[in-house]
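Data first, discussion second: the structure below is written as structure tokens.
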Amino acid sequence: TTRSWDYLDHSYHTPNILLDKSNKGDGVIIGVIDTGIWPESMAFNDEGIGPVPSRWKGGCESGEQFNATAHCNRKVIGARWFVDGLLAEYGQPLNISANKEYLSPRDAHGHGTHTSSTAAGSYVRNISYKGLGLGTVRGGAPSARLAIYKVCWFVLGGQCTSADILKAFDEAIHDGVDVLSLSIGSGIPLFSDVDERDGIATGSFHAVAKGITVVCAAANDGPSSQTVQNTAPWILTVGASTMDRAFPTPVTLGNNKTILGEAMYAGKEIGFTGLIYPESKGLDPTSAGVCQELSLNRSLVAGKVVLCFTSVARRTAISNATSVVRAAGGVGLIVAKNPSDDLAPCSNDFPCVEVDYEVGTQILFYIRSTRSPVVKLSPSKTQVGKLVSAKVAHFSSRGPSSIAPAILKPDIAAPGVNILAATSPLAPLADGGFVMFSGTSMATPHVSGIVALLKALHPDWSPATIKSALVTTALRNDDYGFPIFAEGSSRKLADPFDFGGGIVNPNGAADPGLVYDMGVADYVHYLCAMGYTNTSISQLTGQSMACPSIQPSILDVNLPSITIPSLRNSTTLTRTVTNVGPVNSTYIAVIEPPVGTIMSVRPNVLAFDAQTKTITFTVTVFSTHQINAGYHFGSLTWTNGVHTVRSPISVRIQFVESYADGN
Amino acid sequence: DSKTSVHIVYLGERQHEDPQLVTDSHHDMLARVVGSKKVASKLMVYSYKHGFSGFAAKLTESQAQRLAEHPGVIRLIPNSIHKLQ
């Protein structure tokens, strides 16, 4: 967070509407359902924070290495832990032999401390990761309070059960949180919105019905389409973007050519030393140079830097290669791979530099053309600003939703790559209690913090109003005016399935002009439109519900986006906007129709006054081609000259229905 | 049939304002299936009593089946795993 808030124009360096007007989120309570908290972290000091809000009904629970009296304060006002669902499955005691874990709110893993400090951590100045990314660490709502619900445990890689998650929801609703932040997902295929196995969908329905905004991670299964999770329309689903910061690492070849790779290498320079590519003889000479399959001869590798290639996006290939090169006495590693935004330091400050295939091939050609190739590896530097363009992260899960493609997911994106925040000092890569993590887990609390500020500024706004304000004001271009790209293979302009409305714009969301509001009745409309039975819907809502005899259209769910997954000839849908700006305002529609469609809006001028606060309008979309196509994207923007209320539009023309052409 | 696993018994909206009464009703319901309040207490994992009504309990398949048939039970679902992102 030493850069992310600056990137979002949400910094104390510059005049900041939302941060100032909301008093930095003072009085708002963010519940974080995660791996707990490391309470001694400087990020949770309560200096300058007022008394605990009187409406708070929660509390702190003591446990192993966690003393409620000593470890909770005016910043961390709640800390509880729920493990019985996991223990009942795996038996007691908890099998924590592989990792340290505490039967208490104390966070051994570090993930919960990271997300909590990103959402509402206090200011901690002069923090860096081994000199990289120096700046001030803080949460989005630095004066908001934190209520910690530990449900995820450092066993089997980090697990949380739906029974424990549901209990956390149940208690958080009782305790009086305003926002719930969940950096948790399940897996594909998804459970339905009315299936309690997705404890998040069920728990969040009840939370949202009580006015609590629930912010969830979109998951890390990108860049493939239809991988987004936490897709219920009442959830605010967050994808991950990069920001305008990079860690270029000079790689100087013996021919004096310097190439910039990427790494988090904070060690000493590796002066010119031998460079090898483990090329074998025979019919498949490149097989020996595959990073995850390296098998090296110590006599050839000792004291040298190794180049390898991999097509594996995850870091396992780099980890494996690092271990093998180190074991063989190598002093450095250059990995040629597709960009994956999964940068991390290698253990023990071992230099492992990532380059793309093009650069990797240049290095390989240099090795092949030289009798004694040499290389110099310099420490990584921190680069910020306009030279580094933001993009949707490779790993960020993409829409459309596999449950309901007409409901745009993810809703929004926020920085989630190389986020420096507090962690458990037990986390393997921690540096002085801080670490850089990447994931939609890290993007989620950025949005949770902003939601807390919006809640402080507009206490009467519903979760749907907050979501609408965020989606319709999100940014599609970066600060420097360039469109935001989405990392994948290959890189392309980001579309709504990559980042929903765009990258979150805190100050814009504070004053959105118009909003698309929803309540429980609208969510029931959605469930009816999905074809869920009255019984199923009653199961979810807990009340007897009856859908209208004519099934409502899912396209009419009052979302701040329009997604038509199957347009044949034409379709008309309805939306209702509420004026939350100046009472007397007139908005006109600006339409950017998706390719292959014609769109009309009626009325195309909306005039609000003291009597008219909400207006319903219709949107008609015609297809101009008789073809089964992929999605095309456009927008509908209402503007009064001051406010720009932009809804992303996604349309797929389908003349043959149920055609398995996923995106 | 002696092997137990955690099931979530979802009962929908709360029937009582008092959370203690909600929890008592959960124990009563489980006790009717497992034979006694003492056994029910041992098998109960969580009582969901604030935001909604339901409970999680360690159940054998036959106990789960009997609970699923109880008129007050809206849905009975096995526990499942979520992961950090």
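First to last, the sequence lines map onto chains A and B.
Each residue of the first sequence is one higher than the one before, starting from 20 at the first, in the working numbering.
Each residue of the second sequence is one higher than the one before, starting from 9 at the first, in the working numbering.
Beta carbons are placed, not taken as given, at the ideal position from N, Cα and C, and that holds for glycine.
Close Cβ partners of residue i (< 6 angstroms) along its chain, the five nearest in sequence each way excluded
i      : result
A:T277 : P269 and T271
A:E288 : S397
A:T582 : A425, L427 and S669
B:A64  : V14, I16, V53 and Y54
A:G546 : Correcting the residue type first, residue 546 of chain A is Leu in the shown sequence and not Gly. Answer for A:L546: I556, listed in chain order.
Residue i at chain B interface by Cβ criterion, 8 angstroms
i      : result
A:Q630 : no
A:N239 : yes
A:G82  : no
A:F516 : no
A:K169 : no
A:G55  : no
A:E190 : yes
A:N682 : Only weak support is given to the placement of A:N682: the predicted model assigns it a pLDDT of 47, under 50, and the value that follows is read from those uncertain coordinates. Chain B, which has no Cβ nearer than 8 angstroms to the Cβ of A:N682, makes this no.
Through-space distance from residue j to residue i, alpha-carbon basis
i      : j      : result
A:P267 : A:M283 : 9 angstroms
A:R621 : A:V640 : 12 angstroms
A:G97  : B:Y18  : 26 angstroms
A:V403 : A:P579 : 33 angstroms
A:L151 : A:P364 : 11 angstroms
A:G452 : A:T591 : 54 angstroms
A:S314 : A:W24  : 44 angstroms
A:N682 : A:G204 : The pLDDT assigned to A:N682 is 47, lower than 50, so where the model puts this residue is not dependable; a value taken from the coordinates is nonetheless given after this. Their backbone Cα atoms lie some 22 angstroms apart in a straight line.
A:P34  : A:T442 : 30 angstroms
A:R417 : A:A87  : 40 angstroms
B:Q23  : A:A336 : 54 angstroms
B:V53  : B:H34  : 11 angstroms
A:Y535 : A:V596 : 5 angstroms
A:A355 : A:F328 : 5 angstroms
A:S181 : A:E108 : 12 angstroms
A:F696 : A:G218 : Here chain A has residues from 20 to 682 only, and residue 696 of chain A is not among them.
B:P86  : A:P584 : 33 angstroms
A:A139 : A:D39  : 15 angstroms
A:L255 : A:P429 : 8 angstroms
DSSP-derived helix/strand/coil call for residue i
i      : result
A:D450 : strand
A:R671 : strand
A:D541 : helix
A:Y31  : coil
A:K428 : coil
A:G252 : The sequence shown places Pro at residue 252 of chain A, not Gly. DSSP places A:P252 in coil when its eight states are reduced to three.
A:R345 : helix
A:N553 : helix
A:E611 : strand
A:K400 : coil
A:R594 : strand
A:R157 : coil
A:R621 : strand
B:A163 : Given a span of 9 to 93 for chain B in the structure shown, any question on residue 163 of chain B remains unanswerable.
B:T31  : helix
A:P464 : helix
B:P86  : strand
B:Q93  : coil
A:P525 : helix
B:R22  : coil
C-beta neighbour in chain A for residue i, strict 8 angstroms
i     : result
B:E21 : yes
B:Q28 : no
B:H78 : no
B:V14 : yes
B:H58 : yes
B:H24 : no
B:A72 : no
Other residues of its chain near residue i: CB distance less than 8 angstroms, five sequence neighbours each side excluded
i      : result
A:R93  : D65, I68, G69, P70, V71 and R164
A:F414 : N239, D240, G241, P242, A259, A332, S359, D360, D361, S457, G458 and T459
A:Q311 : T329, V331, T335, A336, N339 and A340
A:V436 : A259, S260, T261, M262, D360, L362, A412, S457 and M461
A:S572 : A548 and L592
Cβ-Cβ separation, residue j to residue i (assumed contact under 8 angstroms), whole Å
i      : j      : result
A:V257 : A:V234 : 6 angstroms
A:K149 : A:T261 : Contact flag wrong, Cβ pair sits at about 20 angstroms.
A:P297 : A:G308 : 5 angstroms
A:T401 : A:R264 : 7 angstroms
Same chain, Cβ closer than 7 angstroms to residue i, five either side skipped, listed in chain order
i      : result
A:H193 : K76
A:N598 : L533, S604, F627 and K632
A:A475 : S41, N42, G44, D45, G46 and V47
The ligand HEM heavy atom lying under 7 angstroms from the CB of residue i
i      : result
A:W100 : Ligands in the displayed structure: none, and consequently the ligand HEM is not present.
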